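Below: one structure, written as structure tokens.
Number of protein chains: 2
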Amino acid sequence: MPKLWSETVAEHRDAVRDAILDATAALATERGLTAVTMSGIAQAGGIGRATLYKYFPDVASILTAWHQRQVVTHLLELAEAASDVDEADILETVLRTYAHRNRRVRGHADGADLAAALHGTDHVRRAHAHLEDFLSVLIGEAADRGQVRTDVPAAELAAYCLNALGGAAAPSSKALSSKAAADRLVMVVMAGLAG
Amino acid sequence: MPKLWSETVAEHRDAVRDAILDATAALATERGLTAVTMSGIAQAGGIGRATLYKYFPDVASILTAWHQRQVVTHLLELAEAASDVDEADILETVLRTYAHRNRRVRGHADGADLAAALHGTDHVRRAHAHLEDFLSVLIGEAADRGQVRTDVPAAELAAYCLNALGGAAAPSSKALSSKAAADRLVMVVMAGLAG
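Chains as they are written, first to last, in full-length UniProt numbering: chain A, 1 to 195; chain B, 1 to 195.
Right, here's the structure in full:
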């Protein structure tokens with residue numbers, strides 16, 4: 001059966017949207033965040049300015065959409081890491097995945113720029129809350145198995161993990177400077193969770 | 001003996017400088033960071049615009065100077081906390097002082113704005129490095145006393161503490177939402193350090 005016309009349109013819209021986000025991320029990495037303009041994005045994405053404005057009103061809204069896509073990808077990555085291992089190893093595996101991803105992202109000078117540009121927006125607050133909730137559930141389950149201390153609420157322990165693993169940390173931090181250091185950091189964080 | 005003229009001038013300069021920083025901080029808190037202008041600062045500080053420009057070329061340099069003054073105050077506060085207690089309690093006392101101060105600062109919506117505005121500047125990187133060095137020394141000493149694990153370098157443990165205690169954390173974080181939560185967080189961080 002051939003696809004419905006509406007499905008084809010929706011797919012096309014998604015593809016254009018993705019292309020816009022990709023072009024914006026590439027431009028930001030290449031020229032720096034402050035040099036990104038609507039005209040530059042249209043050119044890099046190979047679409048007309050008028051078309052671009054049908055999708056997004058301004059650069060800020062594109063950056064927000066880009067970051068939302070990153071967050072969803074990131075959460076899927078963490079959930080996938082959790083699905084591949086024994087129940088007893090889920091928490092540590094997720095924390096390690098998170099730590100290593102942060103290390104990769106922070107290697108890009110531009111990741112820090114973008115984080116600073118988006119810092120404090122409602123959108124970032126919501127994304128952070130999603131991640132905290134996801135981790136709180138895993139920590140609660142690990143506590144039920146006796147792997148995690150029960151004298152501190154799971155939500156506080158989740159926030160502890162996210163902060164300690166450097167999600168919002170300064171790029172100067174030495175804690176995630178190598179893969180081995182990131183692994184050591186996960187070990188230290190886990191010791192804090194165990195109590 | 002009367003003061004030397006040069007001393008009086010230096011004192012006067014320091015007093016004017018402090019008044020400018022105080023006026024800027026008050027303005028930023030009252031109206032938000034983006035509404036702070038050189039004219040507004042001159043007016044709030046009770047000095048002429050021409051005088052203000054003799055001290056600082058722009059708002060950004062005033063904010064940086066203000067933040068530097070905060071960092072020095074903060075380090076003195078931590079050093080003072082360390083000087084009042086038994087050697088064995090120094091590290092925990094300093095971490096608790098740091099956690100509680102972060103909680104106070106983050107209560108101000110404007111603290112977060114300012115942190116975002118200054119985020120990623122060389123100046124903030126240096127301030128962060130100072131704090132990490134200060135803590136590394138304390139951690140090394142605690143490790144010598146057998147209070148802290150020795151399988152992870154002190155510098156990495158220092159970065160872990162600073163991140164976990166939320167120095168650069170999102171204001172959404174639940175970890176420091178109350179004094180009791182901040183105390184629990186210090187306990188968790190210490191457990192991570194002990195290994």
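In this text, a Cβ means the ideal position worked out from N, Cα and C, and glycines have one as well.
Every value quoted in this text rests on a predicted model; they were computed, and no experiment measured them.
Unbroken alpha helix (DSSP H) runs of length 4 or more, entirely within the UniProt domain "HTH tetR-type" (14-74) of chain B: which are they?
38-45, 49-55
In chain B, what lies closer than 7 Å to residue 184 of chain A by C-beta?
Along the first sequence, read from residue 1 onward, the residue named residue 184 of chain A stands at position 184. Result: 152, 156.
Starting from the C-beta of residue 132 of chain B, find all residues in its chain whose C-beta is less than 8 Å away, skip the five residues before and the five after it, and write them out in chain order.
For this step, residue 132 of chain B is matched to residue 132 along the second sequence. Closer than 8 Å at the Cβ level, and outside the excluded window around residue 132 of chain B, lie 155, 158, 159, 162.
Taking Cβ to Cβ, would you say residue 151 of chain A is nearer than 8 Å to residue 195 of chain A?
The residue given as residue 151 of chain A occupies position 151 in the first sequence. The residue given as residue 195 of chain A occupies position 195 in the first sequence. Closer than 8 Å, so yes.
Between the C-alpha atoms of residue 170 of chain A and residue 14 of chain A, what's the straight-line distance to the nearest angstrom?
The residue given as residue 170 of chain A occupies position 170 in the first sequence. The residue given as residue 14 of chain A occupies position 14 in the first sequence. Confidence in residue 170 of chain A is poor, its pLDDT being 49 and thus under 50, which makes the residue's placement unreliable; the coordinate value appears in the next sentence. One C-alpha to the other measures close to 34 Å.
With three or more C-beta pairs closer than 8 Å as the rule, is the region 20-28 of chain B touching the region 39-58 of chain B?
yes
Compute the Euclidean distance between the alpha carbons of residue 66 of chain B and residue 99 of chain A, then round it to the nearest angstrom.
Numbered from its first residue, the second sequence carries residue 66 of chain B at position 66. Numbered from its first residue, the first sequence carries residue 99 of chain A at position 99. Cα to Cα, residue 66 of chain B sits roughly 33 Å from residue 99 of chain A.
Step through the CB atoms of chain A and report whether any lies within less than 8 Å of the CB of residue 28 of chain B.
Your numbering for residue 28 of chain B matches position 28 in the second sequence. Closer than 8 Å: no.
Give the list of continuous alpha helix (DSSP H) stretches no shorter than 4 residues that lie fully inside the region 82-157 of chain B.
As for any alpha helix (DSSP H) of minimum length 4 sitting wholly inside the region 82-157 of chain B, the runs are 90-107, 109-118, 122-144, ordered along the chain.
Within 8 Å, strictly: CB atoms of residue 165 of chain B and residue 95 of chain B:
By 1-based counting over the second sequence, the position of residue 165 of chain B is 165. By 1-based counting over the second sequence, the position of residue 95 of chain B is 95. In contact: residue 165 of chain B and residue 95 of chain B (Cβ atoms closer than 8 Å).
Thinking just about the alpha-carbon of each residue, which of A:63, A:85, A:10 is nearest to the one in residue 282 of chain A?
The first residue shown for chain A is 1 and the last is 195, placing residue 282 of chain A beyond what the model contains.
Start and end residues, alpha helix (DSSP H) containing residue 3 of chain B:
Sequence index remark: in the second sequence, residue 3 of chain B carries index 3 (1-based). It is not in any alpha helix (DSSP H) - residue 3 of chain B carries neither H nor E in the DSSP assignment.
Which residues, in chain order, does the region 91-106 of chain B contribute to contact with chain A at a C-beta distance below 7 Å?
none
Strictly below 9 Å CB to CB, what residues from chain B border residue 236 of chain A?
With chain A running from 1 to 195 in the structure shown, residue 236 of chain A is simply not present.
State the start and end residues of the unbroken alpha helix (DSSP H) segment that holds residue 195 of chain A.
Mapped onto the first sequence, residue 195 of chain A falls at position 195. Per DSSP, residue 195 of chain A belongs to no alpha helix (DSSP H) and is neither H nor E.
Which residues of chain A have a Cβ atom closer than 7 Å to the Cβ of residue 181 of chain B, listed in chain order?
Taking the second sequence and counting its residues from 1, the one referred to as residue 181 of chain B is at position 181. Those within 7 Å of residue 181 of chain B in chain A are 156.
At least one CB of chain A closer than 8 Å to the CB of residue 160 of chain B: is that the case?
The residue labelled residue 160 of chain B in the question sits at position 160 within the second sequence. It does: the Cβ of residue 160 of chain B has a partner Cβ on chain A nearer than 8 Å.
Rounded C-alpha distance that separates residue 178 of chain B from residue 135 of chain A:
Here residue 178 of chain B refers to the residue found at position 178 of the second sequence. Here residue 135 of chain A refers to the residue found at position 135 of the first sequence. Answer to the nearest angstrom: the Cα atoms are 20 Å apart.
Among the residues of its own chain, which have a CB less than 7 Å from the CB of residue 142 of chain A, if the five just before and after it don't count?
Within the first sequence, residue 142 of chain A is the residue found at index 142, counting from 1. Taken in chain order, the residues that qualify are 91, 148.
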